[in-house]
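Data first, discussion second: the structure below is written as structure tokens.
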DNA sequence: TTCCAGTCTGTGCACGTTCACAGTCTTCTG
DNA sequence: CAGAAGACTGTGAACGTGCACAGACTGGAA
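Protein chains in written order, with our numbering: chain A, 1 to 331; chain B, 332 to 662.
Structure follows, in structure tokens:
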């Protein structure tokens, strides 16, 4: 049983291919009579346009590719991805654009992505949490519309992005801790080659000034275990600290364990502030005071940027969205 | 600057289209001389085959679609999705198949998916956590290769799937709790229209027999809040219980909070067992004894089933993978 | 020598669209 | 009433590939 083509529809409706095509593509100049005849023919035959044939002539694929960088095996960002993917699918579906997923873990992956895009298999690219100096950014070139979800640091080629105001979020938390009367405030950062790692520390330093001594700063890699280690190190270096800002909720969970092991109460002895407001934030004891990122809106804006580019916008401005302090019990 | 076509490559290599095509598709009968000439021409011109043109003639798209059912806004399963997506992308990329994502939340979504598949825009379908009686399963028909990640319950059309042995996992936990000398063991289940909801209860009942009275069973919806509510209800109905098996880690985190609020110690007064071994399991206090699901392997096997179908297998058998008990401190 | 099998190559056609163009019919304007 | 403008329709030519087929060349067997 062959799939019906535009010919079949035209024949069934008693018109020509051209008219059917015009209706399909929402052009003007289709008479009401033709319109109803074609619409009936379409539903009778169960016709659906052949995308390959269309792509062949229009040079457009009707799909965009989302590129996930996965430097580490499993990151705290996982839940974030899910939100992003969902929002992107939904928004793109409105325009009948489909979302293709690709990975950019190693060199082979990146090459595949470049081939894919250069080959014209997608109309646009959406980068996700791309690392500093990722060669992919330059390899893609400026030919194809590309945006990033989350800032791309170390860019030679500027690429439009939507992101949360990481620095603002860190300031909010730091100010809150100071406002609570905490005097010796430490920080556990993320990896210093990610926007979240760098900018959350910057925001912290904005508020603490020279009180943010290196003695009070430890680095983690987003994992819970690293948060635990960093907290232990911090306690050793500065036993008198009375608050700590941890750059992710998952690491904060680790920090809580280290504090408990050291016999410190939270928030009594030490106040703990997290970041992300992920599902972990409510499952710890005590629940984490943290910074909520407007993930869905970031995803939304990222899609908006890409759509604008697809619609021919020459240049688009980055979008940075504000974070929000969520007060629970840990601080 | 036009993209090079197979004609250009043929001309540059001094052969005909046909020969280039044969090399590209790995057919026999390409002389060594032609081979090197073509390979050089390809890399010189930067040629990459036009997928649309190829699809048009082969009737294959080289892509499969993953359909995410999202009945609720945000589920505990989010992190699971990430693993699944990553594994699927990677495995499919090996065969140069790309992964398209779609949502099947409401009727409109499902219609879109059916149109997509029926329109031949994808060579196969991968269903994810499809709910009971999802009309999508029947709507897809038996024409296109389709598999499911996670069992599809209430199926009229049987659809091959890979899944974890939910029932086994529940038995493992129940047996462990019994083995620890617990006498009054309650359970908090998931929604009873999901495989995880039904089968984890079945496994629990397998071990407890008639001790699994309805008085000791409460239902949740996978959310932390529902776990907390269910635990509170359970404590009211059966104040003497000394253990509870919670069908997800996130709900278990809620249960922990309810127990703490009621002044019960864990595991002293009440032992708590979770399910999933998600990131939440290690962030609670105490860390959860739980059941680990081999998510990556499930994803792997799901892809295997689909690939087998794509390769023309008439029928494939479901794959069910064993779970594993992870002992921490909550039980 | 003749024939055949095997290896390799080139060519025409079909795949199902969109687009530009030419054409027809209607209605309005001067 | 002539002419123009507008509304609508049909047609041929691409788009870039894979496939079937026909043909050319080789080496070996009869």
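Virtual Cβ for every residue (Gly too), placed ideally from N, Cα, C.
Starting from the C-beta of residue i, find all residues in its chain whose C-beta is less than 6 Å away, skip the five residues before and the five after it, and write them out in chain order.
{"i": "residue 319 of chain B", "result": "Because residue 319 of chain B is not part of the residues shown, which for chain B are 332 to 662, the question remains open."}
{"i": "residue 76 of chain A", "result": "Note that residue 76 of chain A scores 44 on pLDDT, short of 50, meaning its location in the model is unreliable and no value can be drawn from it."}
{"i": "residue 203 of chain A", "result": "167, 170, 171"}
{"i": "residue 309 of chain A", "result": "145"}
{"i": "residue 42 of chain A", "result": "9"}
{"i": "residue 101 of chain A", "result": "66"}
Comparing the C-beta of residue i with each C-beta of chain A, is any distance below 7 Å?
{"i": "residue 432 of chain B", "result": "yes"}
{"i": "residue 450 of chain B", "result": "yes"}
{"i": "residue 382 of chain B", "result": "yes"}
{"i": "residue 429 of chain B", "result": "yes"}
{"i": "residue 446 of chain B", "result": "yes"}
{"i": "residue 404 of chain B", "result": "Any reading at residue 404 of chain B needs caution, since the residue's pLDDT is 48, under 50, leaving its predicted position unreliable; the model's value is listed next. So no, residue 404 of chain B is outside the interface."}
{"i": "residue 584 of chain B", "result": "yes"}
{"i": "residue 616 of chain B", "result": "yes"}
{"i": "residue 621 of chain B", "result": "no"}
{"i": "residue 601 of chain B", "result": "no"}
{"i": "residue 460 of chain B", "result": "no"}
{"i": "residue 374 of chain B", "result": "no"}
Ordered along the chain, which non-local residues of its own chain (more than five positions away) have a Cβ less than 8 Å from that of residue i?
{"i": "residue 149 of chain A", "result": "84, 126, 127, 128, 129, 161, 162, 163, 298, 299, 302"}
{"i": "residue 451 of chain B", "result": "390, 392"}
{"i": "residue 420 of chain B", "result": "430"}
{"i": "residue 323 of chain A", "result": "164, 165, 166, 168, 169, 172, 291, 292, 293, 294"}
{"i": "residue 445 of chain B", "result": "467, 470, 471"}
{"i": "residue 74 of chain A", "result": "Interpretation of residue 74 of chain A is limited by its pLDDT of 49, a score under 50 that renders its predicted location unreliable; the figure taken from the coordinates is listed afterwards. Around residue 74 of chain A: no qualifying Cβ."}
{"i": "residue 490 of chain B", "result": "458, 468, 477, 478, 479, 483"}
Relative to the C-alpha of residue i, which residue among the options is closest?
{"i": "residue 147 of chain A", "options": "A:313, A:35, A:325", "result": "A:313"}
{"i": "residue 606 of chain B", "options": "B:593, B:355, B:584, B:388", "result": "B:584"}
{"i": "residue 335 of chain B", "options": "B:610, B:360, B:381", "result": "B:381"}
{"i": "residue 107 of chain A", "options": "A:144, A:69, A:64, A:31", "result": "A:69"}
{"i": "residue 523 of chain B", "options": "B:512, B:508, B:613, B:551", "result": "B:551"}
{"i": "residue 66 of chain A", "options": "A:25, A:189, A:306", "result": "A:306"}
{"i": "residue 91 of chain A", "options": "A:330, A:64, A:325, A:103", "result": "A:64"}
{"i": "residue 545 of chain B", "options": "B:568, B:555, B:534, B:530", "result": "B:568"}
{"i": "residue 513 of chain B", "options": "B:611, B:375, B:576", "result": "B:576"}
{"i": "residue 31 of chain A", "options": "A:2, A:47, A:13, A:43", "result": "A:13"}
{"i": "residue 287 of chain A", "options": "A:326, A:42, A:159", "result": "A:326"}
{"i": "residue 651 of chain B", "options": "B:530, B:611, B:616, B:662", "result": "B:530"}
{"i": "residue 112 of chain A", "options": "B:649, B:611, B:465, B:424", "result": "B:424"}
Given a cut-off of 7 Å, decide if residue j and residue i are closer than it, judged by their beta-carbon atoms.
{"i": "residue 539 of chain B", "j": "residue 505 of chain B", "result": "yes"}
{"i": "residue 622 of chain B", "j": "residue 528 of chain B", "result": "no"}
{"i": "residue 122 of chain A", "j": "residue 386 of chain B", "result": "no"}
{"i": "residue 581 of chain B", "j": "residue 517 of chain B", "result": "no"}
{"i": "residue 212 of chain A", "j": "residue 205 of chain A", "result": "yes"}
{"i": "residue 289 of chain A", "j": "residue 328 of chain A", "result": "yes"}
{"i": "residue 510 of chain B", "j": "residue 476 of chain B", "result": "no"}
{"i": "residue 109 of chain A", "j": "residue 103 of chain A", "result": "yes"}
{"i": "residue 646 of chain B", "j": "residue 282 of chain A", "result": "no"}
{"i": "residue 261 of chain A", "j": "residue 87 of chain A", "result": "no"}
{"i": "residue 520 of chain B", "j": "residue 508 of chain B", "result": "no"}
{"i": "residue 332 of chain A", "j": "residue 412 of chain B", "result": "In this structure chain A extends from 1 to 331, so residue 332 of chain A is not present and cannot be described."}
{"i": "residue 661 of chain B", "j": "residue 611 of chain B", "result": "no"}
Near residue i, which residues of its chain fall below 7 Å by C-beta distance, leaving aside the five closest residues on each side in sequence?
{"i": "residue 346 of chain B", "result": "365, 368, 369"}
{"i": "residue 29 of chain A", "result": "22"}
For a cutoff of 7 Å on Cβ pairs, would you count residue i as touching chain B?
{"i": "residue 89 of chain A", "result": "yes"}
{"i": "residue 152 of chain A", "result": "no"}
{"i": "residue 81 of chain A", "result": "yes"}
{"i": "residue 224 of chain A", "result": "yes"}
{"i": "residue 142 of chain A", "result": "no"}
{"i": "residue 58 of chain A", "result": "no"}
{"i": "residue 232 of chain A", "result": "no"}
{"i": "residue 13 of chain A", "result": "no"}
{"i": "residue 280 of chain A", "result": "yes"}
{"i": "residue 48 of chain A", "result": "yes"}
{"i": "residue 330 of chain A", "result": "no"}
{"i": "residue 55 of chain A", "result": "yes"}
Q) Do the region 267-278 of chain A and the region 240-254 of chain A meet, that is, are 3 or more Cβ pairs less than 8 Å apart? A) yes
Q: Pair every Cβ in the region 211-228 of chain A with every Cβ in the region 248-261 of chain A, then say whether three or more of these pairs are closer than 8 Å.
A: yes
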